[in-house]
């Protein structure tokens with residue numbers, strides 16, 4: 021059952037993102053990268069999004085060396101997923117810190133726009 025993004029735990033949201041992307045792999049075809057999110061809040065967590073041949077696999081923790089790492093809080097992550105905050109604006113305002121290939125991080129934003137995720141997810 022679909023629910024508002026506020027109702028998702030970080031773990032549940034990651035699982036839902038993986039499901040949505042793999043149900044419609046078109047926007048991630050040809051994009052091969054590992055994007056790491058270091059999400060800090062009450063329970064700091066690290067998740068890696070492994071994009072490979074039109075499939076997204078999300079794992080908790082560090083599995084492999086990422087192409088880019090984004091450190092942000094959970095609220096900013098939710099806004100980013102729903103395209104309510106641009107990655108550039110988040111970077112310029114200090115809401116996200118990026119290590120590694122910034123262009124890969126920007127590519128994620130363009131992919132999210134293609135999915136046009138709306139609530140409820």
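Numbering (the working numbering), first residue to last: 21 to 141. Think of the CB as a built atom: it goes at the ideal place given N, C-alpha and C, for glycine as much as any other residue.
Could you compute how far the alpha carbon of residue 52 sits from the alpha carbon of residue 64? Take the alpha-carbon of residue 52 and the one of residue 64: they are about 26 angstroms apart.
Cβ contact (3+ pairs, closer than 8 angstroms) linking the region 103-118 and the region 80-87: Look at the beta carbons and you see the region 103-118 not touching the region 80-87: under three pairs across the two are nearer than 8 angstroms.
Going by other Cβ atoms of all chains shown within 10 Å of its Cβ, with 16 needed for buried, is residue 31 buried or exposed? The residue is exposed, with fewer than 16 neighbouring Cβ atoms inside 10 Å.
Taking its Cβ as the centre, do 16 or more other Cβ atoms sit within 10 Å of residue 127, making it buried, or is it exposed? The residue in question, residue 127, is buried, as its Cβ has 16 or more Cβ neighbours within 10 Å.
Quick one: measure Cβ to Cβ for residue 129 and residue 107, integer angstroms, because I've assumed they're closer than 8 angstroms. Their Cβ separation, rounded to whole angstroms, is 4 angstroms, which keeps residue 129 and residue 107 in contact under 8 angstroms.
Coil, strand or helix - residue 74 by DSSP: Note: residue 74 maps to coil in three-state DSSP.
CB-CB under 7 angstroms to residue 34, same chain, minus the five flanking residues each way: which ones, in chain order? The residues are 67, 78.
Our contact map puts residue 185 next to residue 48 with C-beta atoms below 8 angstroms; I'd like the distance itself, whole angstroms only. Only positions 21 to 141 of the chain appear in the structure, and residue 185 is not among them; the question remains open.
Would DSSP call residue 123 helix, strand or coil? Under the three-state reduction of DSSP output, residue 123 falls in the helix class.
List the DSSP bridge partners of residue 90. Beta-bridge pairing links residue 90 to 57, 118.
Straight-line Cα distance separating residue 103 from residue 25: Inter-residue distance for residue 25 and residue 103 is about 13 angstroms (C-alpha atoms, whole angstroms).
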